[in-house]
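For reference, each letter of the sequence shown is one residue, going 284 to 423 in our numbering.
The block underneath contains the structure these notes are about, expressed in structure tokens.
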Amino acid sequence: MSEKLKKISAFLNEHHVMSLATATADEVSVCSLFYAFNEQKLSFVVASSDETKHVEHIAKNSNIAGNILLETKIVGKIQGVQFRGNFVPLEDKELKIEYFKAFPYALALNPKLWQIKVNYFKMTDNRLGFGEKIIWDASV
284 MSEKLKKISA FLNEHHVMSL ATATADEVSV CSLFYAFNEQ KLSFVVASSD ETKHVEHIAK
344 NSNIAGNILL ETKIVGKIQG VQFRGNFVPL EDKELKIEYF KAFPYALALN PKLWQIKVNY
404 FKMTDNRLGF GEKIIWDASV
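This is how it looks when you write it as structure tokens:
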């Protein structure tokens with residue numbers, strides 16, 4: 284794993300809530316989701332119902348964007364990750380186990396699980412210098 288991905292993964296593993304944006308040709312939506320992140324598969328696992336606006340959107344357009352951030356007013360400590368990827372039904376049993384290990388109480392709800400296969404990360408980490416960016420792009 285590259286140094287860039289190690290830094291991004293370390294940040295993602297310290298957090299557990301993302302903002303997720305979805306869109307169709309005529310509508311956009313954003314929501315918050317709990318997540319588990321798997322760095323080897325560069326994937327998030329989230330739970331969501333088929334009746335949500337974002338799942339309605341991904342039925343038409345599986346391309347998504349999102350972010351995870353450290354909320355702080357101290358400029359020198361600002362950190363956050365923006366990402367893009369594809370939102371698909373979860374089929375990987377290993378990722379399912381990881382999600383329920385992170386959120387064991389969710390087992391009682393028997394939620395539908397989804398995988399976000401990430402193809403782009405941009406991390407801002409002001410601890411490395413003001414506005415310092417770490418970018419990983421699968422297409423490069």
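Heads up, the beta-carbon is just placed ideally off N, CA and C, and yes, glycines get one too.
{"Asked": "Which same chain residues end up closer than 7 Å to F370 when comparing Cβ atoms and leaving out the 5 residues on each side of it in sequence?", "Found": "I341, S345, I347, W397, I399"}
{"Asked": "Rounded to whole angstroms, what is the Cα-Cα separation between Q323 and E334?", "Found": "30 Å"}
{"Asked": "Using the rule of at least 16 other Cβ atoms within 10 Å of the residue's Cβ for burial, across every protein chain shown, is N321 buried or exposed?", "Found": "buried"}
{"Asked": "Could you give the first and the last residue of the continuous alpha helix (DSSP H) run that contains W294?", "Found": "The identity of residue 294 in the sequence shown is Phe, whereas the question assumes Trp. Looking at the DSSP string, the run of the alpha helix (DSSP H) that includes F294 is 286-295."}
{"Asked": "When you compare each of N393, A304, M406 to A293 by their alpha carbons, which one comes out closest?", "Found": "M406"}
{"Asked": "Are there 16 or more other CB atoms within 10 angstroms of the CB of L316, so buried, or fewer, so exposed?", "Found": "buried"}
{"Asked": "Hey, would you say C314 sits closer than 8 Å to L303, going by beta carbons?", "Found": "yes"}
{"Asked": "Per the DSSP calculation, K376 is bridged to which residue(s)?", "Found": "Beta-bridge pairing links K376 to no other residue."}
{"Asked": "For K343, which option in K360, D309, P387 has the closest C-alpha, if you only look at C-alpha atoms?", "Found": "D309"}
{"Asked": "For F327, which residues in the same chain have their Cβ closer than 6 Å to its Cβ, ignoring the five residues on either side in sequence?", "Found": "Y318, F320, I399"}
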